[in-house]
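The next block holds one structure in the form of structure tokens; read it before the comments.
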Amino acid sequence: MIIDELEKKLRPPEIVLKPYPPKVITLASGEQMVVREAKREEMGVLLGTIHPLMGVAKDYYDIVASRIYAELLGWYRYRVANEFVLVLSLIHI
Numbered sequence: 714m715i716i717d718e719l720e721k722k723l724r725p726p727e728i729v730l731k732p733y734p735p736k737v738i739t740l741a742s743g744e745q746m747v748v749r750e751a752k753r754e755e756m757g758v759l760l761g762t763i764h765p766l767m768g769v770a771k772d773y774y775d776i777v778a779s780r781i782y783a784e785l786l787g788w789y790r791y792r793v794a795n796e797f798v799l800v801l802s803l804i805h806i
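What the sequence shown shows, in this note's numbering, is residues 714 to 806, in sequence order.
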């Protein structure tokens, strides 16, 4: 189909990258934070978390959130080549 051919041209060539191993970092507050590679199936949650910040016109939150949103969407739709998307989360014990 024509769309399949167009998609092949739009998608950048993908180089297989080594998986990013999760890491635990202890913060100054004593809390632990996990840094890990994001998965494409988590993209709805990530985009939903960032979207409200696009309307905050203070300290450039709107600009930074819009750029991050665009980067994540580009990665999700296979428009960016060889990009790691990392997720940070706090461990609540």
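We put the beta carbon where it would ideally sit given N, CA and C, even for glycine.
Keep in mind the model is a prediction, meaning the values are calculated, not measured.
Nearest-angstrom beta carbon gap, residue j and residue i [assumed within contact, 8 Å]
i    : j    : result
V747 : S802 : 5 Å
Y774 : L766 : 5 Å
Spatial neighbours of residue i in its chain, beta-carbon cut-off 6 Å, leaving aside the 5 residues before and after
i    : result
R749 : P735 and V800
Q745 : V737, T739 and I804
Nearest residue (CA-CA) to residue i, options the options
i    : options                   : result
E727 : Y791, P765 and D717       : Y791
K807 : V793, Y789 and I804       : Only positions 714 to 806 of the chain appear in the structure, and residue 807 is not among them; the question remains open.
P732 : P725, N795 and I804       : N795
A783 : I804, L760, S742 and A770 : L760
L786 : E718, G757 and I715       : G757
I804 : E718, F797, S742 and E754 : S742
K722 : V793, V798 and F797       : V793
I781 : A770, V769 and H764       : H764
V798 : E754, I776 and V769       : E754
One or two residues paired with residue i in a DSSP bridge
i    : result
L803 : M746
K736 : V748
heavy atom of the ligand SAM below 6 Å from residue i C-beta
i    : result
A783 : The ligand SAM is absent from the structure shown, which contains no ligand whatsoever.
Other residues of its chain near residue i: CB distance less than 7 Å, five sequence neighbours each side excluded
i    : result
A778 : I763, L766 and M767
Other residues of its chain near residue i: CB distance less than 8 Å, five sequence neighbours each side excluded
i    : result
V769 : D775 and A778
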